Ligand SMILES: [Zn+2]
């Protein structure tokens, strides 16, 4: 069983303005590094399907899904929040991104693949139940988690979020949900200024100061995430895989390296092998320094695919 790689050409057509950091070139940077590293030849590629209203409504009220459909412009750009906009292709890109989450979950839980990576945009972890925010429209990783529970009957799903920004949307959706444990690290204080005030018991939030690097990150994973995950015994590991805590990424002020992304994936793979039959599904979130994004995503994918040994 190898690794599925899910993307779609429509995810390249979503654009939020000429100088917006969340841009189509991000996906191309990952493709370039998959070729340069020869990792791409070991993956099985799939086109992302469109998510259905039923799949989205497990996470967002159906009124929200309808409002997004209605907001989609025929021409030009419409802003949903100061950082988040829709062009005429955005609706389909967002439906593909959430649809990738569903397909990836199906492929892994039907045992066709042991892991899957979704190279999709827009990202999802800032989208709350009722609000688009921070480049995100539908919460893709949440759609995967709810699909695993509702369609496959899983009892316990872990969401691992190593994006430099706190996944406030994912927390909003799952706080107090006994089916989900969310483990995250994020720069704090920093956008979206959440995650530190009395988080629910199923949230393992580790705020890290600006300037934190490998040492602080690895300590958080070993001392906070791993014991909580071993206690929770997830049947599936989902990643909100953002690569913007990289030292080369000037969106934030953390100092992770390519190797840290391989390392954290190895640690989570150990958890997956102990409790979840090795099953892992990863959704792209942030990462804006193109070269660092491509290289770091490939380090992550390499471990998902067992190509690092
Ligand atoms: Zn981010």
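In my numbering, the protein residues as written are 78 to 386. Glycine included, every Cβ here is placed at the ideal spot set by N, Cα and C. In this text the structure is predicted, and so the values were computed from the model without any measurement.
- At least one heavy atom of ligand 1 lies less than 6 Å from the C-beta of residue 242.
- If you check the CB distance, residue 318 and residue 377 come in under 7 Å.
- Counting C-beta pairs closer than 8 Å gives fewer than three between the stretch 151-158 and the stretch 171-182, which falls short of the contact rule.
- Counting only runs of at least 3 residues, the stretch 91-164 fully encloses the following beta strand (DSSP E) elements, listed from N- to C-terminal order: 120-124, 155-158 and 161-163.
- Pairing residue 237 with residue 123 gives a Cβ-Cβ distance that is not under 7 Å.
- The distance from the Cβ of residue 333 to that of residue 294 is about 6 Å, consistent with a contact at the 8 Å cut-off.
- Taking the Cβ of residue 319 as the reference point, at least one heavy atom of ligand 1 falls within a distance shorter than 6 Å.
- Contact annotation: the stretch 320-336 touches the stretch 281-295, with at least three C-beta pairs closer than 8 Å.
- For the pair of segments examined, the stretch 107-126 was found to touch the stretch 366-384: the number of CB pairs separated by less than 8 Å reaches three.
- Runs of the beta strand (DSSP E) lying entirely within the stretch 160-248, each at least 3 residues long, are 161-163, 192-195 and 234-238 in chain order.
- The closest heavy atom of ligand 1 lies less than 6 Å from the beta carbon of residue 363.
- The continuous stretches of alpha helix (DSSP H) do not include residue 357, which lies in the beta strand (DSSP E) extending over residues 357-361.
- Shown here, residue 342 sits in a helix according to DSSP, grouped into three states.
- Under the three-pair Cβ rule at 8 Å, the stretch 243-257 does not count as touching the stretch 334-341.
- Per the Cβ contact rule, the stretch 270-285 is not in contact with the stretch 344-362 (fewer than 3 Cβ pairs under 8 Å).
- Between residue 168 and residue 149 the beta-carbon gap is near 4 Å, inside 8 Å, which marks them as a contact.
- Relative to the Cα of residue 305, the nearest Cα in the group 260, 277 and 346 belongs to 260.
- Looking at 234, 226, 185 and 248, the one whose alpha-carbon comes closest to that of residue 201 is 248.
- By the CB criterion at 7 Å, residue 227 and residue 135 fall inside the cutoff.
- Each residue's CA atom was taken as its position, placing residue 131 and residue 320 some 30 Å apart.
- Collapsing the DSSP output to three states places residue 267 in coil.
- Between the stretch 189-206 and the stretch 345-359, the count of Cβ pairs shorter than 8 Å is three or higher; the stretches touch.
- Take residue 102, set aside five residues on each side of it, and the residues of its chain with a beta-carbon closer than 8 Å to its own are 367, in chain order.
- For residue 289, there is no enclosing beta strand (DSSP E), as DSSP marks it with neither H nor E.
- With respect to residue 84, residue 120 sits apart: the two C-beta atoms are not nearer than 7 Å.
- For residue 304, the enclosing alpha helix (DSSP H) begins and ends at 303-309.
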